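K.L.:
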Amino acid sequence: MLVNLYPYRHNVSLVRDSGIQFLDFGVTPVDNASRGCFVRKTANGPLLRLAWDDARQKFTLPAHDGDAPEVVEPENRAALSQSLSLLHGEWLPLPVLRVSARRRFAQGPCNWARFQIRKLAEPDETGHTHRLTLALDTRIMPDEEGAELLAPVESDITFGTRFALAWHDDELADFIDQAWVDGWLRESFSAAADERESRSLGEIQQALKKFEYQAHWLNLLELFGRELAIPELRIVETHAQASAIPVDLVLDVGNTHTCGILIEDHGIGESGLCHTAELRVRSPDAPQYVSPSFFSSRLTFARADFGRRFYSVESGRDDAFIWPSLARTGDEASWLAAQRHASIGACSLSSPRRYLWDCAPALRPWRFSKSGASAQAEAIAQPLMMLMNDEGVPLAELPEVERLPVFCAQYSRSALMTQLLCELLAQALSQINSVDNRLNMGQPDVPRQLRTLILTLPTGMPIRERNIFRQRMEEATGMVWRAMGWHPDDAAPSRRVPLPVVEAEWDEASCGQMFWLYNEIQQNYAGRADSLFRALARAGSGGDRPALRIASIDIGGGTTDMAVTEYSLQEDDSRSARITPRLLFREGFRVAGDDILLDVIRHCVLPALSNWLRRCGVREVDSLMNYLAGDAAQPESGEMLRRQMTLQYFIPLGNAILASWERCRPDDRLSGLDRLAGEMLTQPLSADLCDEVAKRVQPALPDDAAPFDLMAVPVQVNFTELQQAMLERRFAIAGPLHALCEAVSFYDCDVVLLTGRPISLPGVQALLRYLQPVPVNRMVMMNDYPVHEWYPFNGHPKSTAAVGAMLFSLSQSLRLPGFLFQPSGIQAYSTIRYLGVLDGQNRLMDENIWYRDIDLDNPGTKLDGEKMFAIRGNVRLGFRQLDNERWPATPLYTLAIVDPTLTAAIASQGPLYVRLALRQNAGRDGEAFMLGEARLAGGENVSPDRLSLTLNTLSDSRGNVSDYWIDSGSLIKK
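Pasting the structure below:
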């Protein structure tokens, strides 16, 4: 979506050292025959812009110091429309220079401002056909000789220096004459002339000799100077840290989608809800666009250079426009991943949160996604390459002798969470001090500073994974602060910025309850909590202060979570009623919305493609389908094809079916879908993908067959049949929902809150009505729950967790007037009670339980040191919370034999016997199980080094699988 435009004042302030800031303008350019004409100042340039004299009907060269304009004949002509077309989407240097009150420009600074103009696919709501974005690097340099020519310096802040756009010839003379500026413009023009106008090398060389590249750049500057009210700029000091407005960032990083909320604290007497904003992710390549409030959690490696970095360094400044991230997220990351042309090396991951457990270095280096000459480039770039090692571990966390920067980008998938959080931090830091945000929030000349980072967590996430998540957030903060030159351990005193505090206390299900409770009390019961409690409390809770028992079921993208909490009202000496929660039960399963998507693909899309291949005459359809969407062994190029088929074809078709199912009338038994695949896809398939599929399919077709077309596949879906499949438990999500509804019934809850996008599906709603853990009128579907103007989001089901975490934070600091809440009663506890070997369907049967009644919240807990358990190969260890075989289990560890000689010994002597132990003083690792002892059937002790016990929480029933189906492209069920 397009960035909102703001009417800037005549002058605006920038906050020093606040990263890269953006100013946005809309424009509708029109060609004018009297403009775009130039002559050379000398034989070696630069070009000078000519003015049209209406009286003489001649072109003139504007004069200075009172002289008469000189009539000249134009040497170069460049239409504005051509300039806009050639330089569309290019980052180019912009002369924003020091200016006096009488509009006298100084020589610098020359390398702190850049611009990009982009034509819109269709005019925006105000009719503008183009968007202009200015990017300004707010890094302040010390007052050293020559520094003032490159960037703003300390004295500019001291003396209140103003900066403005220079666009007249006399104002630009020194700027355009610099070799690095000239080289940048020449290279940008040459590339565009070749790519967009298909000019020959000779034609380009001839145009360069005529300085055509300068003409197009000067055309754009004249457009900005004449048509746009680009404000003057000044840079404000951060002053003492105490004067900055503190900002808290709430992040809900999901397996499928992510969202964030920025909360400013303007002091005593202010409601915390008055100064909130949604986190928006802005593309460094196309900054005219920002993500929706809820954006994809996908991570894709991509550089953010803001133009041609080589020429920027040639200016004498190597730290200009530093973006402290190697990756993108959101819709841009998904698009970049789908457009990947190279067949070697991965560049993207569906969600790093799925792989927090995987700290092993990648087998193949990660690569940048961009096409062209750098398609195979490893994901290594400044500044982060100097702050971490090959595995993505921050150097500051390592002993000095091990602090080697990146040479090979074999970052672990767990470390990719650090990269994702670096990108989110970079976006948040730019947003909080942006001109737009400060104007919206009030006190526009006061800097903002991150104070707290609040993470929401899945309810059933093991404590060890929680600790890893928190650690990745702390690592990302340290790396970004060091990249920006702010870290208290490294920076000069004047540039130090305190590190924000990381909080990871609130689970997503409890956050959904908090959101509903606050909205009901404040908006529907006029602040009277006792009225709400009396209206909804179950019969028998009794007393003047009845208790309210609330359950919430949250179906996310990767996890389904539940919490049962009892809320009571307590009065203090001030006669104010305080709500006190008590967590009764919590649970979480790694089966959720993405599994519904996979089941829809398996039920609808794969059969449609398979049937169409048969109708086209393909021989050995099963073998071909296994190649395109199975797990057949194949070279890396084949793996890439499978991933691209999943990203560009199967997932979009599955999502289209789900969207139609969500919109259908549940009472219409004939509702369904009958369309061609091409009509359902919102983005065209890449030419590379179509070519690769044709290479595989065409040889299997009859000789006289027409070329195979993926877009021509007919897709027919009956939504009543899908709903029946859900009720018959043929969807993976049905089992966990049965279990959770059983728990809700057991706890005799008053209200059940149902959150998450899958709740909108008629099939899911039908299953919940069938199970009916409470009367239907006490089941609250949060996807259409009415909210009021205080709500920062526009009713999106994913937002309840982030908003609830925001309310938890505000209640702790008493920034919710009229709402007293005591959150200490909601504390996470370990749900690992029964641990053992999982079977092929991720079930933990009673005969496979190794340890019972585990209590990891008790510091003195120990495992049975006598019992040993037999294994004959690699096994997956998992856990469940209840002593019930029907209760779904969750994977936790992989126990593998890494020594081939040990495998041979087991084959000849019988099983290997092992026992586990708990690591004492595990510290940040939390639930740290380890191998306690191992021995062969004959009694020979086995060194633990010959086995490995590694965390692996990926939910998959196909054995020792390390890739989620979205990342592997393996969709066919065995």
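In our numbering, the protein residues as written are 559 to 1532.
Note that the Cβ used here is the ideal one computed from N, Cα and C, for glycine as well.
Note that the structure is predicted; figures quoted are calculated from it, not measured.
Give me the residue from Ala1462, Asn1406, Asn1077 with the minimum Cα distance to Leu831.
P.N.:
Asn1077
K.L.:
Going residue by residue through the stretch 726-803, where are the continuous alpha helix (DSSP H) segments of at least 4 residues, counting only ones entirely within it?
P.N.:
727-734, 737-755, 759-767, 770-785
K.L.:
Would you mind giving the Cβ-Cβ distance between Asp1441 and Tyr1392, rounded to the nearest angstrom? I have them listed as a contact below 8 Å.
P.N.:
Taking 8 Å as the upper bound for CB-CB distance, Asp1441 and Tyr1392 are in contact here, some 7 Å apart.
K.L.:
Taking buried to mean at least 16 other C-beta atoms within 10 Å of its own C-beta, is His1346 buried or exposed?
P.N.:
exposed
K.L.:
For the stretch 801-862, which segments carrying the alpha helix (DSSP H) assignment without a break, of at least 4 residues, lie completely within its bounds, in sequence order?
P.N.:
none
K.L.:
For the alpha helix (DSSP H) containing Ile715, list its first residue and its last residue.
P.N.:
712-716
K.L.:
Under 8 Å by Cβ, that's how I've got Glu1033 and Thr976 pegged, so tell me the actual separation to the nearest angstrom.
P.N.:
5 Å
K.L.:
Evaluate Gln989 with the Cβ neighbour count: other Cβ atoms within 10 Å of its Cβ, from every protein chain shown; 16 or more gives buried, anything less gives exposed.
P.N.:
With 16 or more Cβ atoms within 10 Å of its Cβ, Gln989 is classed as buried.
K.L.:
Please go through the same chain and pick out, in chain order, the residues whose beta-carbon is closer than 6 Å to the beta-carbon of Asn569, but skip the five residues on each side of it.
P.N.:
For Asn569, where only same-chain residues beyond five positions count, the Cβ hits under 6 Å are Pro789, Glu790.
K.L.:
Nearest CA to the CA of Ser1528: which residue from Val1302, Asn947, Ala1187, Val1055?
P.N.:
The shortest Cα separation from Ser1528 among Val1302, Asn947, Ala1187, Val1055 belongs to Ala1187.
K.L.:
Leaving out five residues on either side along the sequence, give the residues of the same chain with a beta carbon under 6 Å from the beta carbon of Val1361.
P.N.:
Only Phe1073 meet the Cβ criterion.
K.L.:
Using 10 angstroms around the beta-carbon of Ala1428, count the other beta-carbons present and answer buried if the total reaches 16, otherwise exposed.
P.N.:
exposed
K.L.:
Count the other CB atoms within 10 Å of the CB of Lys928; is the residue buried (16 or more) or exposed (fewer)?
P.N.:
buried
K.L.:
DSSP three-state label for Val1004, please.
P.N.:
coil
K.L.:
For Asp1308, which residues of its own chain have a beta-carbon under 7 Å away from its beta-carbon, when the five flanking residues on both sides are left out?
P.N.:
Leu1094, Ala1095, Arg1096, Leu1106, Arg1107, Ile1108, Arg1336
K.L.:
Going by C-alpha to C-alpha distance, which of Asn1400, Ile1137, Ile1021, Ile1111 sits closest to Ala1087?
P.N.:
Taking only the C-alpha atoms, the option nearest Ala1087 is Ile1137.
K.L.:
Grab me the residues of Ala1463's own chain with a C-beta within less than 7 Å of its C-beta, minus the 5 sequence neighbours each way, in chain order.
P.N.:
Cβ-Cβ distances below 7 Å link Ala1463 to Leu1494 in the same chain, with the five nearest sequence neighbours on each side left out; the list follows chain order.
K.L.:
Skipping 5 residues on each side, what residues in its chain have a beta carbon closer than 6 Å to that of Gly647?
P.N.:
Arg676
K.L.:
Compute the distance between the beta-carbons of Phe852 and Thr816, then report whether it is under 9 Å.
P.N.:
yes
K.L.:
Leaving out the 5 sequence neighbours to the left and right, which residues in its chain are closer than 7 Å to Met559 when beta-carbon positions are compared?
P.N.:
Tyr847, Val848, Pro850
K.L.:
Measuring CB to CB, does Leu837 end up less than 9 Å from Leu807?
P.N.:
yes
K.L.:
If we ignore side chains and look at the alpha-carbon of each, how far apart do His686 and Arg840 end up?
P.N.:
20 Å
K.L.:
Taking the alpha-carbon positions, what's the Gly930 to Gln897 distance?
P.N.:
Note that Gly930 scores 49 on pLDDT, short of 50, meaning its location in the model is unreliable and no value can be drawn from it.
K.L.:
In terms of alpha-carbon separation, which member of Phe583, Tyr771, Ala1447 lies closest to Asp1536?
P.N.:
The requested residue 1536 is not part of the displayed model; the chain covers only 559 to 1532.
K.L.:
With DSSP collapsed to three states, give me the class of Ile1159.
P.N.:
helix
K.L.:
What is the C-beta distance between Pro845 and Gln985, in whole angstroms, given that I count them as a contact (C-beta under 8 Å)?
P.N.:
Pro845 to Gln985, Cβ: 11 Å. No contact.
K.L.:
Would you tell me roughly how many angstroms separate the C-alpha atoms of Gln1323 and Gly1175, rounded to the nearest one?
P.N.:
Gln1323 and Gly1175: Cα-Cα distance of roughly 41 Å.
K.L.:
Please state whether the Cβ-Cβ distance between Met999 and Ile1209 is less than 9 Å.
P.N.:
no
K.L.:
Can you tell which of Glu1061, Ala1062, Gly1043 has the C-alpha that lies nearest to the C-alpha of Val1055?
P.N.:
Gly1043
K.L.:
Can you say whether Val1273 is buried or exposed, counting buried as having 16 or more other CB atoms within 10 angstroms of its CB?
P.N.:
buried
K.L.:
Just reading off the beta strand (DSSP E) that Val585 is part of, what are its end residues?
P.N.:
578-585
K.L.:
Grab the span of the alpha helix (DSSP H) containing Leu1365 for me, first residue to last.
P.N.:
1357-1370
K.L.:
First and last residue of the beta strand (DSSP E) that includes Lys1420?
P.N.:
Taken as a continuous stretch (DSSP letters only), Lys1420 belongs to no beta strand (DSSP E), as it is neither H nor E.
K.L.:
Going by the DSSP bridge assignment, what does Asp1112 pair with across the sheet?
P.N.:
Asp1119, Thr1313
K.L.:
Answer yes or no: do Ser1195 and His899 have a C-beta to C-beta separation smaller than 9 Å?
P.N.:
No.
K.L.:
Quickly, what does DSSP pair His686 with across the bridge? List them, please.
P.N.:
Among the bridge pairs identified by DSSP, His686 is matched with none.
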